[in-house]
Amino acid sequence: MNRLTSILLWVAIAIVGAASFAALALNRGESVNAAWLVTAALSVYLIAYRFYSKFIADRVLQLDDARVTPAVRHDDGMDYVPTNKWVLFGHHFAAIAGAGPLVGPVLAAQMGFLPGTLWILAGVVVAGAVQDFIVLFTSVRRDGKSLGEMIKMELGPIPGSLALVGVLAIMIIILAVLALIVVKALTASPWGLFTIAATIPIALLMGLYMRIIRPGRVGEASAIGVILLLGSIFLGRTVAADPTWAPLFTLTGTQLAWALIVYGAIAASLPVWLMLAPRDYLSTFLKIGTIAALALGIYFVAPVLMMPQTTRFIDGSGPVFSGALFPFLFITIACGAVSGFHALISSGTTPKMIQKESHMRFIGFGGMLAESFVAIMALTAACVLDPGIYFAMNAPTAVIGSTAAHAAQVISGWGFTITPDVINDTAARIGENSILSRAGGAPTLAVGMAQILGQAFGGRTMEAFWYHFAILFEALFILTAVDAGTRVGRFMIQDMLGHVYKPLGDTEFLPANVLSTVLCVALWGYFLYQGVVDPLGGINTLWQLFGVGNQMLAGIALLLCTSVLVKMKRERYVWVTLVPTAWLLVTTLTAGVQKIFSSDPAVGFVALARKFSAAAAQGTVLAPAKSIAEMQRVIFNNYLDAFVCGFFVLLVLAMCIFAAKICVEAWRQSRPTAHEIPPMMGRDEVMA
Amino acid sequence: MNAELHQGAQAPVAADDVTGPTRAWRDRLAGAARVGRQAWLQIFGIPDYERYLAHAAARHPGEPLLSRREFYLASIDRKYTGRGPRCC
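See the structure below:
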């Protein structure tokens, strides 16, 4: 009887899911309600979790609750703490959810809602959740070791070092692209800039409160911080309307880029208690709160998707990013489908808190499904906008010009009818002067969220507030990431410099600290500045470079998982990791090679550099460059981007060869050769 | 054990005449509040001084304890130095 109920329940879920997909895919011409999208996604998650993750847990990994986990073995009351399954799910989700799942889907919306949805859902089930789950498992079976250490253990020292260099390169690119998103959102926006600037004194105040006034009382300080933050959003409206204050907070892109570079260098040099820790808490609270509010908003409003199912831009001619659906959709949406960065989290704090092996299914696989749902909501928020508004916000100035009239004309020419009045009215409703060319996801998402949340809570009068709240939430998160990321980057650079010249590796040696901080900031600052001044490049270039890097990291993590499965003599299940690995390698290598060698200057870095070189040799200035000097910069930057891309491609190919060699060796062995901790090893026996 | 004492010191002093079901309910509520508070701290990665005290009392009795401030500063220091990169 019970079994029958269960079968009926899962058949019902499958039918609901299939019906939702039918509503999304078979619809011709009329608008589709977002509720179908959300229902389709939830059905896929439920079925994947119930069946596929159970198969992986029981058959492939053979999770065993009799094995002692690192949290139980080392239980130190601080880092290693056996944690309740639900609590740890929350902790893990708060660590993996960031700006990534919010940005990629918004950019990919230029191809319509269907391609992005299908990739997010297929990607998460086949690749993303599998990666997070198996990396977590691998780390727990290796006493909570990090990804770099595990690659060293299982694949050898050279792949270990290569992976670390790759991680550093990807970090530099992501810091630049995140900072660029903030610049795009805050350029000439006094209201936005004021509220973001206000977070600095608020964080300092909280830091001092938690150190001096009431040591360690994070909850109290955060409550004060959130109230002050909300106050600053209201105050920002007054500041933006004030004739003396508004110009002070109206900065150009270049000014903002420099401000961020200086900010990054200073913030990363302050003690962590002063700004980083308090801001990180604020950002985490706001992040979880915003995601919850967005989910409630979509649930109650059930908005209609205005974006068509697919647009003509699947052919690669899109204004937001260039390149055809294959392979570029698959690197534009990384987080939400599969993200290499999660391999670092799943081998970071989470494995040190796992109480029982069986919990990993819910935390690793389930946590990633939750993140994927955030990506689906971001896609929804972008697709409920009028497509004309979407393209006005995301196409670069070089394409749509800098006036509402011109933009409306160009966008209407693409078949998305819009008038200048609608563009200006949207800007006015959210309290901004202009919404044109604010690429990067955050502002588009903020307008979409403002419309959804405005309908759910507070009506049209509250839209400007919700817009600035969404911008604040993303910028706060990004500034924290810039601060923390610069610190991690500095640490990694110092570690590498230490191999060249010993004293440079000493973290207590001030000149070495300053040198590596400056180096790290200069590296991401360079890419940021380049993105800001290059009207062709910007998000267009950097997000794809990041996508290639991030997916390559996922490929490396999955190569590790594959090698581990073979070494455990579970060859018959190796397809579980081999299929996503192969798919990631095919898409990222194709994308990487196209980015370098494509003869279309809109796609290939080298082709664009050559086109500009040829023109410069004849003394012709090509738009959007305004002088021969600017042309030279475009040429140099494109060669540099091609170099970075080539580096990622070679790195992943090298890792592939190392992993293949290890797999063949392990295959020939008759017994398992994985470096796992023996099952019964108890507390403190492995304190190496 | 120590954690119980510590909690007791902060809570208002219990009146002795409350016994039976009322007392059981109050204990249950206090227990739920403690679990809820711990869960909240763990989800957001906030240093949990009470758990540290309980752990120290159970595992390392008699050893010198960190003050609340020392524990907080040491915890966030470990959290942000030398840790791997975080997510996008």
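Chains A and B, in that order, give the protein sequences.
Letter by letter, the first sequence follows residues 1 to 688 of our numbering.
Letter by letter, the second sequence follows residues 1001 to 1088 of our numbering.
Glycine included, every Cβ here is placed at the ideal spot set by N, Cα and C.
Under three-state DSSP, which class holds I677 of chain A?
coil
If we define contact as Cβ-Cβ less than 8 Å, is R1028 of chain B a contact residue for chain A?
no
From the DSSP output, in three-state form, read off G354 of chain A for me.
The sequence as given places Ile at residue 354 of chain A; Gly does not occur at that position. Correct three-state label for I354 of chain A: strand.
Please return the same chain residues whose Cβ sits closer than 7 Å to the Cβ of G646 of chain A, not counting the five positions on each side in sequence.
I596
If the criterion is Cβ atoms closer than 8 Å, does the pair S437 of chain A and P396 of chain A meet it?
yes
Please return the same chain residues whose Cβ sits closer than 7 Å to the Cβ of L193 of chain A, not counting the five positions on each side in sequence.
L186, F249, L251
Can you list, in chain order, the residues of its chain whose CB lies under 6 Å from that of P308 of chain A, leaving out five sequence neighbours each side?
G112
Euclidean distance between Cα positions of Q62 of chain A and L305 of chain A:
43 Å
On the CB-based measure, 16 or more other CB atoms within 10 Å of its CB, does T1081 of chain B come out buried or exposed?
exposed
Could you name the residues that DSSP lists as bridge partners for N2 of chain A?
DSSP output for N2 of chain A lists no bridge partner at all.
Cβ-based neighbour list, Q530 of chain A, same chain, cut-off 6 Å, excluding 5 preceding and 5 following:
N637
Report yes if the C-beta distance between T83 of chain A and A71 of chain A is below 8 Å; otherwise report no.
yes
Compute the beta-carbon to beta-carbon distance between F328 of chain A and F321 of chain A, rounded to the nearest angstrom, for a pair I have assumed lies under 8 Å.
7 Å
Can you confirm whether A688 of chain A, when its beta carbon is compared against all beta carbons of chain B, has any partner nearer than 8 Å?
Unreliable placement is indicated for A688 of chain A, whose pLDDT of 39 sits below 50; no coordinate value is reported for it.
On the criterion of 16 or more Cβ atoms from any shown chain inside 10 Å, does L510 of chain A qualify as buried, or is it exposed?
exposed
Am I right that L230 of chain A and T199 of chain A are in contact with their C-beta atoms under 8 Å? What's the rounded C-beta distance?
Actually they are not in contact, since the Cβ atoms of L230 of chain A and T199 of chain A sit about 12 Å apart, beyond 8 Å.
Can the beta-carbon of V16 of chain A be found less than 8 Å from the beta-carbon of V125 of chain A?
no
Below 9 Å on C-beta distance, what does G1031 of chain B contact in chain A?
Chain A residues near G1031 of chain B: none, gap ~14 Å exceeds 9 Å.
Reducing DSSP to helix, strand and coil, say where T541 of chain A ends up.
helix
Using CA atoms only, rank isn't needed, just tell me which of A:Y526, A:I151, A:L121, A:I478 is closest to A659 of chain A.
A:I151
Residues in its own chain within less than 6 Å of R490 of chain A by CB, not counting five upstream and five downstream?
S516, T517, C520
Runs of alpha helix (DSSP H) lying entirely within the segment 482 to 533 of chain A, each at least 4 residues, in chain order:
510 to 533
Helix or strand or just coil, what does DSSP make of I556 of chain A?
helix
Uninterrupted alpha helix (DSSP H) stretches inside the segment 16 to 61 of chain A (no shorter than 4 residues)
34 to 47
Just mark Y501 of chain A as buried or exposed, buried being the case when its beta carbon has 16 or more other beta carbons within 10 Å.
exposed
Neighbour list for R1068 of chain B in chain A, Cβ cutoff strictly below 7 Å:
P215, G216
Count the CB pairs spanning the segment 174 to 184 of chain A and the segment 542 to 558 of chain A that are closer than 8 Å, and state whether there are at least three.
yes
Given that a residue counts as buried once 16 or more other Cβ atoms are within 10 Å of its Cβ, and exposed if not, what is L270 of chain A?
exposed
Per DSSP, cross-strand counterpart(s) of V106 of chain A:
Answer by DSSP bridge pairing: none, since V106 of chain A is not bridged.
How about the segment 153 to 169 of chain A and the segment 200 to 209 of chain A: do they share at least three Cβ pairs that are nearer than 8 Å?
no
Mind listing the chain B neighbours of Y281 of chain A? Cutoff is C-beta to C-beta under 8 Å, in chain order.
F1044, I1046
Is it buried or exposed for S339 of chain A, if we count other Cβ within 10 angstroms and need 16 for buried?
buried
For the segment 609 to 624 of chain A against the segment 659 to 668 of chain A, do three or more pairs of beta-carbon atoms, one drawn from each stretch, fall closer than 8 Å, so that the two count as touching?
no
Identify, in the order they occur along the chain, each residue of the same chain with its Cβ nearer than 6 Å to the Cβ of R487 of chain A, setting aside the five sequence neighbours on each side.
A268
Does the beta-carbon distance from H468 of chain A to W119 of chain A come in below 8 Å?
no
Tell whether a beta-carbon distance below 8 Å holds between I430 of chain A and A456 of chain A.
no
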